[in-house]
Structure formats: structure tokens, C-alpha cells
Amino acid sequence: MARRRSLTVCSTPGCPEYTNGGRCTDCQATAERRRGTSTQRGYGTRHRNGFRAAVLARDPLCVCTEEAHGHGQPCGAPSQHADHHPLSRRELVTAGQDPDDPRHGRGLCGPCHSSETARHQPGGWAAEQG
91 MARRRSLTVC STPGCPEYTN GGRCTDCQAT AERRRGTSTQ RGYGTRHRNG FRAAVLARDP
151 LCVCTEEAHG HGQPCGAPSQ HADHHPLSRR ELVTAGQDPD DPRHGRGLCG PCHSSETARH
211 QPGGWAAEQG
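Residues 91 to 220, numbered by my numbering, are exactly what the sequence shown covers, in order.
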């Protein structure tokens, strides 16, 4: 027999709804609307066809060498994400630099990109808005 997860209160402060974890459906939808589309966040055609394409062509394999791998060597998995590094897209814009210049990026696989984002942007996009 499958083990049943207990319900918890939605993680949005003040929301009394119960969920299986995290935000309830309504709070999740509100957060996504507030976040906007990828194009509204600056990841439009110029980003996809310029930055992303050039970074992934230059780094077809993940270049992440973080301690998570335990050996200091590049991960080597196929790159799926063009990650802004060492400055974030937001930091590049604030500094008056072109965030779509491929020099400001590196190719990462999905797990390494998630790990890097969690490490360097705790709380994610929403936490940076405050």
C-alpha cells in the first residue's frame, strides 16, 4: 500500500489553504503571473538566437566544475542551458553591459544549472524582487 503524504499549509504567508507541499494552486498561479513570461523577463528572440545559441555552440558539454562533482573536473554532460556567469543577467543590465553577449555565459547541463541557481540565487527570482 502506498504511503500517504500529509497535507501542509500553503507556503505563501497568510494563505490558509492546504497542499501536498509548497504553494497551493491559486498562489502558484498568482506567482507565475507576477513573474511574467520569459520574454517579459528579457529572454526574447535576441537572447534565444544570439546568446543561448552562441553559448551552447561554444560549450556543447557542461563546463560546471563545482564541488558537487567531487573531482574538480568539468561535468561533461550535454549542455542544455546558457547560464549567465559570473554576473547574473540582472547584474549585467544594472552595470550597463549587454546581457546577450555570449562572453557573459557558459553552457551547463540541467542538474548543474539547477544546483548553481539554488546556490547563487537562494529563493529564486521572487526573492530578488524585494
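Positions of the beta carbon are idealized from the N, C-alpha and C atoms, including for glycine.
For this session: Please decide whether Ala119 counts as near chain C, where near means a Cβ-Cβ distance under 8 Å.
Result: Absence of chain C from the displayed structure is noted, only one protein chain being present.
Exercise. From Val145 to Gly112, what does the alpha carbon distance come to, in whole angstroms?
Worked result: As a first step, residue 145 is located in the sequence shown; it is residue number 55 there, counting from the start. As a first step, residue 112 is located in the sequence shown; it is residue number 22 there, counting from the start. C-alpha separation (whole angstroms): 33 Å.
For this session: Name, in chain order, the residues that DSSP records as bridge partners for Thr109.
Result: Translated into positions along the sequence shown, residue 109 becomes position 19. Under DSSP, Thr109 takes part in a beta bridge, and its partners are Thr98.
Exercise. Excluding sequence positions up to five away, which residues of its chain have a Cβ less than 8 Å from the Cβ of Pro168?
Worked result: As a first step, residue 168 must be located in the sequence shown, where it is residue number 78. Taken in chain order, the residues that qualify are Pro150, Leu151, Cys152 and Cys199.
Exercise. Can you give, in chain order, each stretch of the beta strand (DSSP E) that sits fully within the stretch 139-181 and has at least 3 residues?
Worked result: Segments of the beta strand (DSSP E) lying fully in the stretch 139-181: 171-174.
For this session: Starting from Arg196, follow its DSSP beta bridges and name the residues at the other end.
Result: Translated into the one-based positions of the sequence shown, residue 196 becomes position 106. Answer is Asp173, bridged to Arg196.
Exercise. Given that a residue counts as buried once 16 or more other Cβ atoms are within 10 Å of its Cβ, and exposed if not, what is Asp188?
Worked result: Stepping through the sequence shown from its first residue, residue 188 is reached at position 98. With fewer than 16 other CB atoms across the displayed protein chains lying within 10 angstroms of its CB, Asp188 is exposed.
For this session: Decide if Gly166 is buried, meaning its Cβ has at least 16 other Cβ atoms within 10 Å, or exposed.
Result: Residue 166 sits at position 76 when you count from the first residue of the sequence shown. Exposed is the call here.
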